Amino acid sequence: AQKITQTQPGMFVQEKEAVTLDCTYDTSDQSYGLFWYKQPSSGEMIFLIYQGSYDEQNATEGRYSLNFQKARKSANLVISASQLGDSAMYFCAMRGTFTGTASKLTFGTGTRLQVTL
Amino acid sequence: EPEVTQTPSHQVTQMGQEVILRCVPISNHLYFYWYRQILGQKVEFLVSFYNNEISEKSEIFDDQFSVERPDGSNFTLKIRSTKLEDSAMYFCASSDPYEQYFGPGTRLTVT
Numbered sequence: 320a321q322k323i324t325q326t327q328p329g330m331f332v333q334e335k336e337a338v339t340l341d342c343t344y345d346t347s348d349q350s351y352g353l354f355w356y357k358q359p360s361s362g363e364m365i366f367l368i369y370q371g372s373y374d375e376q377n378a379t380e381g382r383y384s385l386n387f388q389k390a391r392k393s394a395n396l397v398i399s400a401s402q403l404g405d406s407a408m409y410f411c412a413m414r415g416t417f418t419g420t421a422s423k424l425t426f427g428t429g430t431r432l433q434v435t436l
Numbered sequence: 006e007p008e009v010t011q012t013p014s015h016q017v018t019q020m021g022q023e024v025i026l027r028c029v030p031i032s033n034h035l036y037f038y039w040y041r042q043i044l045g046q047k048v049e050f051l052v053s054f055y056n057n058e059i060s061e062k063s064e065i066f067d068d069q070f071s072v073e074r075p076d077g078s079n080f081t082l083k084i085r086s087t088k089l090e091d092s093a094m095y096f097c098a099s100s101d102p103y104e105q106y107f108g109p110g111t112r113l114t115v116t
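As you go down the protein sequences, you meet chains Z and S in turn. Okay, so the first sequence: first residue is 320 according to the working numbering, each after it adds one. Okay, so the second sequence: first residue is 6 according to the working numbering, each after it adds one.
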């Protein structure tokens, strides 16, 4: 079984600053994947970034990077140069070992990010 | 850019009625999922589907729920007899195989 913990219910950041959203996970699987999704107030779930447990380098996608620390079981999302449009709920999620069939995601409780002027 | 689509965006139904939520996954994806999110809560897994059969289902996915891939493009979730507690946002997702892309969701309101 997988467990995701997001301990920051809400975060504030000033426009143009960087912000780190915390995520820790627990799993007994040797192979797994970590995801971050953005959920704006309109409700859709937008895929941001993915990190496989055996990927040697931290994943990056534009202004998003995933700070993966395997020994600490953490997968923090770093957003650089925050924009007002980054204000949203952010969910960390993980999947267990891929066995060839579909692999469900387990989600955390989310962090609401508010970007201020 | 290919995307997952869902219809309808909002469905209102009376308790005890059947509803069918529809999804069109990304065309070259092979793995399909349904999740739900009760208002203000985290996203919960319902069911996964691969090779025309259910791969895994959660304890939420009881006999009132069923999924089907009736043709090469659609993926449906049926709730046979809706309850008040089924009110939630229902998300379809697809992957090939790792990165799961979500549709915009169907907001189901049971009255």
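We put the beta carbon where it would ideally sit given N, CA and C, even for glycine. All values derive from a computational prediction rather than experimental measurement.
Under the Cβ distance rule, Ala378 of chain Z does not count among the residues neighbouring chain S, no pair being separated by less than 7 Å. The Cβ-Cβ distance between Ala394 of chain Z and Leu403 of chain Z does not fall below 7 Å. Under the three-state reduction of DSSP output, Gly404 of chain Z falls in the helix class. With 16 or more other CB atoms across the displayed protein chains lying within 10 angstroms of its CB, Leu424 of chain Z is buried. When DSSP states are grouped into helix, strand and coil, Glu90 of chain S belongs to the helix group. Listed in chain order, the non-local C-beta contacts of Gln333 of chain Z below 8 Å within the same chain comprise Ser401, Val434, Thr435 and Leu436, local neighbours out to five positions each way being set aside.
Lys423 of chain Z carries a coil assignment under DSSP once its states are collapsed to helix, strand and coil. Between Thr324 of chain Z and chain S, the shortest Cβ-Cβ separation is not below 7 Å.
DSSP, read as helix, strand or coil, puts Val9 of chain S in coil. By alpha-carbon distance to Trp39 of chain S, the top candidate from S:Gln16, S:Gln11 and S:Ser32 is S:Gln11. Following the DSSP letters along the chain, one finds Lys62 of chain S inside the beta strand (DSSP E) bounded by residues Glu58 to Lys62. The DSSP-derived three-state label of Ala394 of chain Z is strand.
Across the stretch 38-57 of chain S, CB contacts with chain Z closer than 7 Å involve Tyr38, Lys47, Val48, Phe50, Ser53, Phe54 and Tyr55, in sequence order along the chain. Close to Met94 of chain S, with beta-carbon spacing below 7 Å, are these residues of chain Z in chain order: Gly362.
Contact of Phe70 of chain S with chain Z is not assigned, every C-beta pair being separated by 7 Å or more. The continuous stretches of beta strand (DSSP E) do not include Tyr351 of chain Z, and DSSP gives it neither H nor E. Nearest to Ile398 of chain Z by alpha-carbon distance, out of Z:Gly427, Z:Ala412, Z:Asp374 and Z:Ile368, is Z:Ile368. A residue is called buried once 16 or more other Cβ atoms fall within 10 Å of its Cβ, and Ser32 of chain S, having fewer, is exposed. According to DSSP, Val17 of chain S shares a beta bridge with S:Thr114. Any Cβ of chain Z closer than 7 Å to the Cβ of Phe107 of chain S would place that residue at the interface, and such an atom is present. When the alpha-carbon of Ser86 of chain S is set against those of S:Phe66, S:Tyr103, S:Glu8 and S:Lys47, the nearest one is in S:Phe66.
Per DSSP, Thr418 of chain Z has no beta-bridge partner at all.
The beta carbons of Phe96 of chain S and Met364 of chain Z sit closer together than 7 Å. It is roughly 40 Å from the alpha-carbon of Phe331 of chain Z to the alpha-carbon of Phe70 of chain S.
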